[in-house]
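I have placed the structure first, in the form of structure tokens, so that the comments after it can refer back to it.
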Amino acid sequence: MKVTEQDVKIVASLSRLNIDGKEISDVIAQLDKFLTYVENLQEIDTTKIEPTTYAVPMQNIFREDKVKPSLERDLALSNAPLKEDGYFKVPRVLEE
Numbered sequence: 011m012k013v014t015e016q017d018v019k020i021v022a023s024l025s026r027l028n029i030d031g032k033e034i035s036d037v038i039a040q041l042d043k044f045l046t047y048v049e050n051l052q053e054i055d056t057t058k059i060e061p062t063t064y065a066v067p068m069q070n071i072f073r074e075d076k077v078k079p080s081l082e083r084d085l086a087l088s089n090a091p092l093k094e095d096g097y098f099k100v101p102r103v104l105e106e
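Under my numbering, the first residue of the sequence shown carries the number 11, and numbering increases by one thereafter.
Encoded structure:
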């Protein structure tokens with residue numbers, strides 16, 4: 011697949027990238043190489059391959075839920091820039 015200078019300018023604009031004239035030829039070569047690779051992958055017969063979510067088998071590993079000591083409240087709040095009534099105070103994010 012041949013990538014044109016116009017293609018690079020459009021993609022750069024959509025991606026909010028500033029690509030100067032010196033870089034365009036390098037980007038064209040890289041995109042062309044990538045798209046050629048993707049075209050080669052599309053030729054592989056995958057009809058007998060079952061779709062997967064992950065490339066390797068996954069399983070959940072859960073640890074036993076045990077109560078253990080943690081930081082004291084005063085120590086946890088000691089470096090907090092804002093605190094109030096024993097809690098971290100943060101700026102409001104949502105409007106009422």
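Beta carbons are placed, not taken as given, at the ideal position from N, Cα and C, and that holds for glycine.
Beta-bridge partners assigned by DSSP to E94: Y97. DSSP, read as helix, strand or coil, puts V66 in coil.
Nearest in C-alpha terms to T14, of all of D84, K32, L41, is L41. With 16 or more other Cβ atoms inside 10 Å of its own Cβ, V18 counts as buried. Under the DSSP assignment, I34 falls in the alpha helix (DSSP H) whose first and last residues are 31–52. V18 carries a helical assignment under DSSP once its states are collapsed to helix, strand and coil.
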